[in-house]
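Numbering (full-length UniProt numbering), first residue to last: 1 to 171.
Cβ coordinates follow ideal geometry from the N, Cα and C atoms, glycine included.
Predicted model only: the values in this text are computed from it and were never measured.
To keep things clear, I will list the structure first and then write my remarks on it.
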């Protein structure tokens, strides 16, 4: 019974945390733009705790939301064509990496579940699967942080000031 509960939990975790985030999703019209981290303020410890640990889905979602906001508000921010091109490439590269990470996470999680279903799962195979999941999750979080840092560093001080102004109007 305990093993079934763990298997169900792992399946739910994979479904909620990895499958539901679409790394190619654009901003919905009703969503506020996320400029200079305004959407990250809403991401507190309580929300992270509810989603389970680790929680790459929230970081992927907010990173894409921030990248999409810069691209969609390029004219209002006064981005040059070179800045816009770099942001679009950054978003594209991030999306590809997230799709790859998500696919590998799903495969490794299924392999972990397969191990857990055995009457006597081996300690070493379990540790290897859990370690790989941990590595992939941390890589996802690092990639998200790097993408946000890179995007923000592309903005001039004037563009950052404009982004702060736009974000303040949206709150």
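- Taking buried to mean at least 16 other C-beta atoms within 10 Å of its own C-beta, is residue 24 buried or exposed? Start at 1 with the first residue of the chain shown, and residue 24 comes out as number 24. Legend: pLDDT at residue 24 = 49, less than 50; position of this residue unreliable, value from coordinates given subsequently. Burial call: exposed.
- Would you call residue 93 buried or exposed, if buried means 16 or more other Cβ atoms sit within 10 Å of its Cβ? Locating residue 93 in the chain shown gives position 93, counting from the first residue. By the neighbour-count rule (16 or more Cβ atoms within 10 Å), residue 93 is not buried but exposed.
- Task: Just mark residue 167 as buried or exposed, buried being the case when its beta carbon has 16 or more other beta carbons within 10 Å.
- Result: Residue 167 sits at position 167 when you count from the first residue of the chain shown. In the assembly as shown, residue 167 is a buried residue. Its beta-carbon has 16 or more other beta-carbons within 10 Å.
- Message: Once DSSP output is grouped into helix, strand and coil, what is the label at residue 121?
- Response: To locate residue 121, count along the chain shown from 1; it is residue 121. It is coil, neither helix nor strand.
- Simplified DSSP state of residue 80, which is helix, strand or coil: Working through the chain shown from its first residue, we reach residue 80 at position 80. Per DSSP, reduced to three states, the secondary structure at residue 80 is coil, with no helix or strand assignment.
- Message: Here's the rule I'm using: 16 or more other beta-carbon atoms within 10 Å means buried, otherwise exposed. How should residue 103 be labelled?
- Response: Here residue 103 refers to the residue found at position 103 of the chain shown. Burial check for residue 103: the Cβ neighbour count within 10 Å stays below 16, so the residue is exposed.
- Query: Which whole-angstrom value describes the C-beta separation of residue 139 and residue 101, a residue pair presumed to lie in contact below a C-beta threshold of 8 Å?
  - Reply: Indexing the chain shown from 1 puts residue 139 at position 139. Indexing the chain shown from 1 puts residue 101 at position 101. Taking C-beta atoms under 8 Å as the contact rule, residue 139 and residue 101 qualify, at a distance of about 6 Å.
- Since residue 79 and residue 159 are thought to touch, with beta carbons under 8 Å apart, how far apart are those beta carbons, to the nearest angstrom? For the purposes of this step, residue 79 is taken as the residue at position 79 of the chain shown. For the purposes of this step, residue 159 is taken as the residue at position 159 of the chain shown. Contact between residue 79 and residue 159 is confirmed by a C-beta separation of about 7 Å, below the 8 Å threshold.
- Put residue 156 into one of helix, strand or coil per three-state DSSP. For the purposes of this step, residue 156 is identified with residue 156 of the chain shown, where counting begins at 1. DSSP, read as helix, strand or coil, puts residue 156 in coil.
- Message: Closest to residue 73 by C-alpha separation, out of 87, 124, 106 and 125, would be which residue?
- Response: Numbered from 1 along the chain shown, position 73 holds the residue referred to as residue 73. The residue with the shortest Cα to Cα distance from residue 73 is 87.
- Between residue 154 and residue 126, what straight-line distance do the alpha-carbon atoms span, to the nearest angstrom? Taking the chain shown and counting its residues from 1, one reaches residue 154 at position 154. Taking the chain shown and counting its residues from 1, one reaches residue 126 at position 126. One C-alpha to the other measures close to 42 Å.
- Query: Exposed or buried, what is residue 69 when buried is set at 16 or more other beta-carbons lying within 10 Å of its beta-carbon?
  - Reply: Translated into positions along the chain shown, residue 69 becomes position 69. Around the Cβ of residue 69, a 10 Å sphere holds 16 or more other Cβ atoms; the residue is buried.
- To the nearest angstrom, how far is it from the Cα of residue 169 to the Cα of residue 152? In the chain shown, residue 169 corresponds to position 169, counting from 1. In the chain shown, residue 152 corresponds to position 152, counting from 1. Straight-line Cα distance between these residues: approximately 19 Å.
- Task: Name the two residues that bound the continuous alpha helix (DSSP H) containing residue 64.
- Result: Within the chain shown, the letter at position 64 stands for residue 64. Unbroken alpha helix (DSSP H) run through residue 64: 56 to 72.
- Using alpha carbons as the reference points, say which of 118, 150 and 115 lies closest to residue 66. Here residue 66 is taken as the residue at index 66 of the chain shown, counted from 1. The shortest C-alpha separation from residue 66 is found at 150.
- What do you reckon, are the CB atoms on residue 136 and residue 105 nearer than 8 Å? On the chain shown, position 136 is the one that residue 136 refers to. On the chain shown, position 105 is the one that residue 105 refers to. The beta carbons of residue 136 and residue 105 sit closer together than 8 Å.
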